[in-house]
Amino acid sequence: MRIRFRVWLEKEGEPIISEGKYRLLREIERTGSIKEAARRLGLSYKKAHSQIRTIEERLGLEVVERRRRRGAVLTDAGREILSEYERVLSAFRRTLRDLGGEL
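Numbering (the UniProt record's numbering), first residue to last: 1 to 103.
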């Protein structure tokens with residue numbers, strides 16, 4: 001039997017970020033563009049924008065600063081949530097590796 005896991009961060013019982021939203025924020029950080037990040041992930045711009053809005057509404061913070069005609073960058077809060085997600089994911093991966101990945 002193999003061990004599988006999914007990681008997401010919640011606030012007051014509401015999911016804030018999971019793998020898909022993490023990947024979107026990471027691509028925005030890499031490309032400096034919501035449109036390009038969405039394209040690389042096979043998402044419509046509308047879907048990407050909706051996912052960002054959901055994160056921001058649930059956190060009560062802006063995670064992406066949209067710059068007219070100059071792309072987009074992550075805010076400090078956006079970078080912090082990426083860092084926290086990566087920290088948790090890394091801890092799970094270490095645990096899985098320590099268990100040998102199987103039961």
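Virtual Cβ for every residue (Gly too), placed ideally from N, Cα, C. Here the structure is a predicted model, which is why all the values come from computation and not from measurement.
Segment limits, alpha helix (DSSP H) that includes residue i
i: G71; result: Counting along the chain, G71 falls outside any alpha helix (DSSP H), though it belongs to the beta strand (DSSP E) covering 71–74.
i: E27; result: 19–31
i: L41; result: 34–41
i: E57; result: 45–59
Own chain, CB closer than 7 Å to residue i, minus 5 neighbours either side, in chain order
i: E65; result: A72, V73, T75
Separation of residue j from residue i, as counted between CA atoms
i: S50; j: L24; result: 11 Å
i: A37; j: I28; result: 5 Å
Buried versus exposed, by CB contacts within 10 Å (16 or more), residue i
i: A91; result: exposed
i: K21; result: buried
i: L82; result: buried
i: I17; result: buried
Bridge-paired residues (DSSP) for residue i
i: R6; result: None, per the DSSP bridge assignment.
Own chain partners of residue i with C-beta closer than 6 Å, once the 5 adjacent residues on each side are dropped
i: I52; result: V64
Start-to-end residues for the beta strand (DSSP E) that takes in residue i
i: E65; result: 64–67
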